[in-house]
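One structure below.
Numbering (our numbering), first residue to last: 3 to 112.
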């Protein structure tokens with residue numbers, strides 16, 4: 003799913019993320035994604051959206067220092083509004099995030 007989504011948004015899949023994915027097709031039981039330090043940017047984050055969506059048991063996203071922008075975080079917040087179990091999100095060290103991302107995150111937790 004991740005490799006296919008990465009191709010659709012024209013980014014190369016991150017090896018560190020690929021190695022954490024289950025080898026069995028159709029298995030959606032990830033409890034977390036730790037992408038900290040991978041330079042994803044917003045396009046790379048969008049490649050993770052299908053993985054996040056399909057993994058209902060997922061409770062944590064580690065996205066520290068991944069080069070995210072406000073628009074990517076805003077889109078992520080829209081996705082997380084309907085996710086059944088994510089209760090941990092690390093966006094630290096994303097130096098380009100501003101009040102716009104903060105407002106989207108605040109709306110998410112209200």
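Every residue, glycine too, gets a C-beta built ideally from N, C-alpha and C.
Pairing residue 58 with residue 51, the inter-Cα distance amounts to about 12 Å. Of 71, 41, 22 and 93, the smallest CA-CA separation from residue 14 is found for 41. For the segment 52-110, the continuous alpha helix (DSSP H) assignments of 4+ residues that do not extend past its boundaries occur at 72-82, in sequence order. Sorting 53, 26, 32 and 16 by C-alpha distance to the C-alpha of residue 81 places 53 at the top. Look at residue 41 here: in three-state DSSP terms it is coil, with no helix or strand label.
If you check the CB distance, residue 93 and residue 99 come in under 8 Å. Here residue 16 is not bridged, per DSSP, to any residue. Taking C-beta separations shorter than 7 Å and ignoring five residues to either side along the sequence, the partners of residue 78 in its chain run 47, following chain order. Close CB contacts of residue 86 within its chain, under the 8 Å cut and outside five residues either way in sequence, are with 58 (chain order). Pairing residue 102 with residue 70 gives a Cβ-Cβ distance that is not under 8 Å.
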